[in-house]
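Notes for the one structure printed next.
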Amino acid sequence: MKSLKNTLLVAGASLSLFAAPVHAQDDAAAGPDAEMMEAMRTMFPVEPLTAEEQSRLPMARSIIDKMIPPGTLGEMMGGMFDSMFGPLMQMATSNPTGDVARQLGMEASELDLGEEQAVELANILDPAWRERNEAMATVMPELMKGMMATMEPPMRKAMSEAYAIYFTDQELADIDAFFSTPSGLSYARKSFAMGSDPRILGASMEALPAMMESMADIEAQMEAATAALPAAKSWDELSAAERARISELTGLEQGEIEENMTFAAELEAMKEASE
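Read in order, the letters of the sequence shown correspond to residues -24 to -1, 1 to 251 in mature numbering (1 follows the signal peptide of the UniProt record, and there is no 0).
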């Protein structure tokens, strides 16, 4: 289920860029996840609205109400995510290479498997893999609807404020007038769903090979930009005082830190050797 959780988090995080930050209501939720969410919340600080912007809020809210009628975001975005993730989930139920790689602690790109081989391995590692993926594919749309319904209030607030900030009184009046026409209202309601149109999604997939090819060039440029910098310290290069301080700050024993750093260095060496 970890992969499903990650999918939901990524999906939600991408949409939450439209929303104003919201404090967690459950103070009991502590630990690394809570700290990460707090860090993400503070990544996008916002300035208070000016008096002029505040005066435009009512018109901005009216426009957002036309774009996203109250209580409908879950249905609108649930359908959108169903269109986007449906084919991916369907692929997972027919070709389990990704599941097999994850269970073996590898990347899918590291396995040279045909579909029949992947299915055979999946049947050995997880006899219920197909039913598991089908169950996840079934529950995904409802989970997304619930997530979007939860996000609706802060999204509506943030979008209203954004419209009040970026558009003048006259522009807002023009937008509202257009959205009040049958054609404008149709555009407002359909503009979100258009993002999941197969043509648009297909165009994104067509661009993926070129994007992946450019990654090698990007990595080379990154390496060139940092070539003059000293390498990060290994465990052996740390002084006794530095080791003690790291242990104090992390709460880990020095032996555990050494083991983790050595393992990380070995993984990095293996990665560089395979490139």
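The beta-carbon is built from N, C-alpha and C at its ideal position, and this holds for glycine as well.
Do you know offhand how far residue 14's Cα is from residue 129's?
-> 19 Å
Presumed contact (8 Å Cβ cut-off) between residue 39 and residue 139, rounded CB distance = 6 Å
Stretch-stretch touch, CB-based, cutoff 8 Å, three pairs: the stretch 70 to 83 with the stretch 25 to 45 | no
Going by Cα to Cα distance, which pick from 196, 50 and 75 is closest to residue 131?
-> 50
Given a cut-off of 8 Å, decide if residue 77 and residue 91 are closer than it, judged by their beta-carbon atoms.
-> no
Between which two residues does the alpha helix (DSSP H) carrying residue 22 extend?
-> Unbroken run through residue 22: none, as it is neither H nor E.
State yes or no: is the C-beta of residue 27 within less than 8 Å of the C-beta of residue 136?
-> no
Can you tell me the Cα-Cα spacing of residue 209 and residue 236, whole angstroms?
-> 13 Å
Neighbour-count burial assignment, residue 121, 16 or more Cβ in a 10 Å radius = buried
Residue 74 to residue 84 span [Cα, whole Å] | 5 Å
Could you tell me the boundaries of the alpha helix (DSSP H) in which residue 300 lies?
-> Because residue 300 is not part of the residues shown, which for the chain are -24 to 251, the question remains open.
Rounded to the nearest angstrom, how far is the Cβ of residue 230 from that of residue 221, given a contact under 8 Å?
-> The pair is not a contact, with the Cβ atoms about 11 Å apart (cut-off 8 Å).
Helix, strand or coil at residue 39 according to DSSP, with G and I counted as helix = helix
With 16 other CB atoms within 10 Å as the buried threshold, where does residue 20 fall?
-> exposed
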